[in-house]
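Numbering of the sequence shown is given in this note's numbering, commencing with residue 3 and proceeding in unit increments. We treat Cβ as the ideally placed atom computed from N, Cα and C, and that holds for glycine. Just so you know, these numbers come straight off a predicted model, no measurement behind them.
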Amino acid sequence: MILITGGAGYIGSHTVINFLNAGKDIVIFDNLENGHIETVQTLQKIGSVKFEKGDLRNIEDIEKVFEKYDIDAVIHFAAFALVGESVENPAKYYRNNTFGTLNLLDTMIKHNVKKIVFSSTCATYGEPEYTPIDEKHPQNPINPYGASKLMVERIMEDYDRAYGLKSIKLRYFNVAGCDSKNRVGEWHEPETHLIPNILKSTFTGGQTFKIFGDDYDTPDGTCIRDYVNVEDLAEVHRLALEYLYKENKSDVFNLGTEHGDSVKNIFDVCEQVLDKKIPVEVVNRRAGDPAKLYADSQKAQKILGWKPEKTIQESVQSAYNWEKFMNGVCVK
Ligand code: UFG
């Protein structure tokens, strides 16, 4: 059985579907602070999914799960992931993302479970010294979110040396889109991310979409990011676990499309896919946004055999289908 922490959340739920499609039995562990019970119920209709509500900050909660189920490996998503919030409230990030993961790893070692795929982030790199960013780029996070994840990466390396814990650290760039069958999707409250925010502004009562700054040192003045489709991203977790079973070796991979899109590009794609005009205004820069982030993902492609396949248009279309469902414009 595979334990997926944070499986009721955005990337976690799409990864659960990917594993179910591969015939795996899953147990989800989630405190439902950002995840949703409705998502768990949907996943339980798709395949063999057990659910345990609990919080990694309480070691007893996770200990019970390892006592109850025969767990072979862990895919670890459960984390808070808002850069701005992490600056305001670092304790929340270090306690949950770092200390919570320590509880998880200690419980794994105790139960002799030694394979984990970890959801890390390109925020561990900080302000880029060069692009595209490869795995050798120096890691100097500029916010507590990135630091909380980098600490976990380091702990995992030490736990490998000391206890033989094998980990694959996946450093995601920006994630976009939703399940192509519209069963699960991006469901954050509040929503801060670019694509859902653009799409939300098309619904009645929606607000004007705000571009955070058009005076960056980029061709159109808006920030450039690398948007990888969530189903493509889900697939690489399965490949990473297969690699762990086959090679029994720790490693780290950047996950992006190797293509940068500016905020304005994404806005244009949204207008094209929706075939609608979207109300927009340019406002001040958001604190802590680097001008340009995109990945060198050659290592994941060569070693794991991963290939991101979906286009940004497909990601925006699936995200729009989900928004329509969430706004009651269509039903599943
Ligand atoms: N943006 C806007 N308007 C909005 C929302 C976003 O202009 O309403 C801009 C941002 O300023 C940024 C870009 O769109 O330039 C992307 O912003 P997101 O909030 O969608 O994503 P981030 O790049 O800030 O953060 C995401 C994840 C983090 C992760 C990071 C890695 O939320 O957890 O990618 O790049 F660390």
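- Of the heavy atoms belonging to ligand 1, at least one sits nearer than 7 Å to the Cβ of C124.
- Note on geometry: alpha-carbon atoms of V331 and Q141 lie some 44 Å from one another.
- Per DSSP, reduced to three states, the secondary structure at R288 is coil, with no helix or strand assignment.
- Annotated three-state conformation of R97 is helix, per DSSP.
- The DSSP-derived three-state label of V85 is helix.
- The Cβ neighbour count for G11, taken over all protein chains shown within 10 Å, is at least 16; the residue is labelled buried.
- The straight-line gap separating the alpha-carbon atoms of V186 and W324 is approximately 8 Å.
- In this structure, Y95 sits near F82, with a CB-CB distance shorter than 8 Å.
- For K55, the enclosing beta strand (DSSP E) starts and ends at 51-55.
- Its Cα nearest to that of E40, the residue W189 stands out among W189, I213, M153, K279.
- Contact between the segment 190-201 and the segment 265-274 is established, with three or more Cβ pairs separated by less than 8 Å.
- Around the beta carbon of A236, 16 or more other beta carbons lie within 10 angstroms, which makes this residue buried.
- By the criterion of a C-beta distance shorter than 8 Å, D108 is surrounded in its chain by I61, once the five residues flanking it on both sides are discounted.
- Only exposed fits V285, as fewer than 16 other CB atoms lie within 10 angstroms of its CB.
- Close CB contacts of S203 within its chain, under the 7 Å cut and outside five residues either way in sequence, are with Q209, T210, F211, I280, P281 (chain order).
- By the CB criterion at 8 Å, H78 and I13 fall outside the cutoff.
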